[in-house]
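Following: one structure in structure tokens, then a few remarks.
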Amino acid sequence: MALIWYLLAGVCSGLLAGMFGIGGGMIIVPVLVYCFTALNGVEAGVAMHVALGTSLAIIVFTSLNAVIAHQRKGAVEWGVLKGMTIGIAIGAVLGAATASWLSGAALQVIVGLFSLTMAAQQVREIVKGKRQTGNEATQADYPLPSRMWQYGSGAVIGWASALFGIGGGSLTVPLLTSKKLSMHRAVATSSACGLAVALFGAAGNMAFGWGKAGLPAWSIGYVNLPALCGVAVASMLSAHLGVRIAHRASGVQLKLGFALLMLCVGIDFLYSAWWG
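Taking this note's numbering, the leading residue of the sequence shown gets 1, the next gets one more, and so forth.
The structure is reproduced here in structure tokens:
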């Protein structure tokens with residue numbers, strides 16, 4: 001039964017990674033918490049931490065597939081990525097450390113409020129009429145963000161992503177569009193940032209969870225290997241479909257879909273934390 005849930009979560013996360021430049025952690029984490037608690041009998045607080053760590057490990061594979069597909073379309077801004085990766089590395093390790101001492105309920109509330117904020121921001125951009133097409137904002141059209149901006153934003157994204165078990169797209173995409181990148185290029189670059197976040201965040205969760213009591217079987221720190229394999233395989237198969245959908249949609253359609261996703265996730269996490 002758990003394997004079926006892992007595969008379904010993988011398909012959804014792969015599609016989301018390709019369509020919106022996010023790692024799919026917003027889908028993966030709730031599913032894994034359910035699998036660990038309801039199906040494997042793991043204590044809720046431990047399950048939340050293992051779900052976050054495993055989600056980041058899964059996003060390594062999800063993001064890698066999405067990056068390859070986006071690069072084939074020439075949509076990744078590598079100049080921005082290089083600077084942000086330095087900040088991401090530092091922030092991801094700090095985020096994993098922060099998550100290791102926060103309670104599961106506290107993490108759910110923070111993620112829920114954050115998701116609702118991102119949904120509101122995307123709706124605001126649509127209402128203001130920021131209608132960008134896929135090729136209107138390139139490095140030749142606009143100067144790249146400064147190095148200090150890249151380092152700072154990368155650190156914030158790395159910290160928050162490792163803390164919440166996500167690929168960081170819900171932060172990265174709005175930040176990049178605010179710097180005049182089109183929604184399509186922001187999504188592609190966000191996928192690449194998500195790969196860096198996941199690599200450093202997963203490593204941190206393995207280290208900080210090493211030897212903890214109550215972990216599910218076949219876990220390395222806060223990363224569960226059976227869940228990693230099941231979700232990763234399915235997500236890698238579906239990520240390319242998500243990329244194709246993204247490049248056929250308009251920027252406004254992508255923003256609206258992204259906002260609806262964040263709204264649903266925010267409500268779900270807050271409900272689980274306060275009444276679940």
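Ideal placement from N, C-alpha and C gives every residue a C-beta, glycine not left out. On a predicted model such as this, the values are computed, not experimentally measured, just so you know.
- Chain-order list of residues whose beta-carbon lies under 6 Å from that of E43 (same chain, five-residue window excluded): Looking up residue 43 in the sequence shown gives position 43. The answer, listed in chain order, is G214.
- Query: Does the Cβ of T292 have 16 or more other Cβ atoms within 10 Å, making it buried, or fewer, making it exposed?
  - Reply: Any answer about residue 292 is impossible in this case: the structure gives the chain only from 1 up to 276.
- Mind checking which residues open and close the alpha helix (DSSP H) that includes V231? Here the question's residue 231 lines up with position 231 in the sequence shown. First-last of the alpha helix (DSSP H) with V231: 225 to 248.
- Item | Backbone secondary structure at S182 - three-state DSSP | Position 182 of the sequence shown, counted from the start, is the residue given in the question as residue 182. Reduced to three states, the DSSP call for S182 is coil.
- Nearest-angstrom Cα separation, counted from G169 out to S190: Sequence index remark: in the sequence shown, residue 190 carries index 190 (1-based). Sequence index remark: in the sequence shown, residue 169 carries index 169 (1-based). In a straight line, the C-alpha of S190 is about 5 Å away from that of G169.
- Quick one: what's got a C-beta closer than 6 Å to V11's C-beta in the same chain, skipping five residues either side? As a first step, residue 11 is located in the sequence shown; it is residue number 11 there, counting from the start. Same-chain partners within the cutoff: A234, S238.
- Item | Start-to-end residues for the alpha helix (DSSP H) that takes in W275 | For the purposes of this step, residue 275 is taken as residue 275 along the sequence shown, with counting starting at 1. Taken as a continuous stretch (DSSP letters only), W275 belongs to no alpha helix (DSSP H), as it is neither H nor E.
- Item | Under the three-state DSSP convention, the category S146 falls into | Locating residue 146 in the sequence shown gives position 146, counting from the first residue. If DSSP states are grouped into helix, strand and coil, S146 belongs with coil.
- Message: Buried or exposed, going by whether 16 or more other CB atoms sit within 10 Å of the CB of I4?
- Response: Residue 4 sits at position 4 when you count from the first residue of the sequence shown. I4 should be labelled exposed.
- Residues bridged to S219 [DSSP beta-bridge criterion]: Locating residue 219 in the sequence shown gives position 219, counting from the first residue. S219 is bridged to N224.
- Task: Using a threshold of 9 Å, state whether the C-beta atoms of A9 and L32 are closer than that.
- Result: By one-based count along the sequence shown, residue 9 stands at place 9. By one-based count along the sequence shown, residue 32 stands at place 32. Yes, these two residues count as a Cβ contact at 9 Å.
- Item | Ordered list of alpha helix (DSSP H) runs contained in the segment 51 to 119, each at least 4 residues | 78 to 101
- Element boundaries [alpha helix (DSSP H), containing L16]: Within the sequence shown, the letter at position 16 stands for residue 16. From DSSP, the alpha helix (DSSP H) with L16 extends over 2 to 20.
- Query: In angstroms, rounded to a whole number, what distance separates the CA positions of I126 and I59?
  - Reply: To locate residue 126, count along the sequence shown from 1; it is residue 126. To locate residue 59, count along the sequence shown from 1; it is residue 59. Going from the Cα of I126 to the Cα of I59 covers about 28 Å.
- Given 8 Å as the limit, is there contact between the segment 217 to 237 and the segment 150 to 159, that is, 3 or more CB pairs closer than that? no
- Assigned secondary structure, W159 (DSSP; H/G/I helix, E/B strand, else coil): On the sequence shown, position 159 is the one that residue 159 refers to. Looking at W159 - three-state DSSP - the assignment turns out to be helix.
- Query: Would a C-beta distance cut-off of 9 Å place L241 and G18 closer than the cut-off?
  - Reply: Residue 241 sits at position 241 when you count from the first residue of the sequence shown. Residue 18 sits at position 18 when you count from the first residue of the sequence shown. For L241 and G18, yes; Cβs fall inside 9 Å.
- Could you check which residue in A232, F164, A246 has the C-alpha nearest to that of T98? Position 98 of the sequence shown holds residue 98. Nearest option by C-alpha distance: F164.
- Item | Environment of V106 [buried if 16+ CB atoms lie within 10 Å] | For the purposes of this step, residue 106 is taken as the residue at position 106 of the sequence shown. The sequence given here places Ala at residue 106; Val does not occur at that position. By the neighbour-count rule (16 or more Cβ atoms within 10 Å), A106 is not buried but exposed.
- Report the three-state DSSP secondary structure of N205 (helix, strand or coil). As a working note, residue 205 is residue 205 in the sequence shown. If DSSP states are grouped into helix, strand and coil, N205 belongs with the helices.
- Message: Tell me the rounded alpha-carbon separation between A232 and T62.
- Response: Numbered from 1 along the sequence shown, position 232 holds the residue referred to as residue 232. Numbered from 1 along the sequence shown, position 62 holds the residue referred to as residue 62. Rounded to the nearest angstrom, the two C-alpha atoms are 7 Å apart.
- Message: Can you find the residues in the same chain that come closer than 6 Å, C-beta to C-beta, to R147, ignoring five residues on each side of it along the sequence?
- Response: Within the sequence shown, numbered from 1, the residue matching residue 147 stands at position 147. G83.
- Please look up how many angstroms separate the CB atoms of A160 and L171, rounded, as I've assumed it's under 8 Å. The sequence position of residue 160 within the sequence shown is 160, counting from 1. The sequence position of residue 171 within the sequence shown is 171, counting from 1. With 8 Å as the limit, A160 and L171 qualify as a contact, their Cβ atoms being about 6 Å apart.
- Identify whether V42 lies in helix, strand or coil by the three-state DSSP scheme. Indexing the sequence shown from 1 puts residue 42 at position 42. Of the three classes helix, strand and coil, the one that applies to V42 here is coil, per DSSP.
- Which of helix, strand or coil DSSP assigns to G251: One-based indexing of the sequence shown puts residue 251 at position 251. It is helical.
- Query: Which term fits L260, buried or exposed, when burial requires 16 or more other beta carbons within 10 angstroms of its beta carbon?
  - Reply: Locating residue 260 in the sequence shown gives position 260, counting from the first residue. L260 should be labelled exposed.
- Counted within 10 angstroms of its Cβ, other Cβ atoms place L15 as buried (16 or more) or exposed: Here residue 15 is taken as the residue at index 15 of the sequence shown, counted from 1. L15 should be labelled buried.
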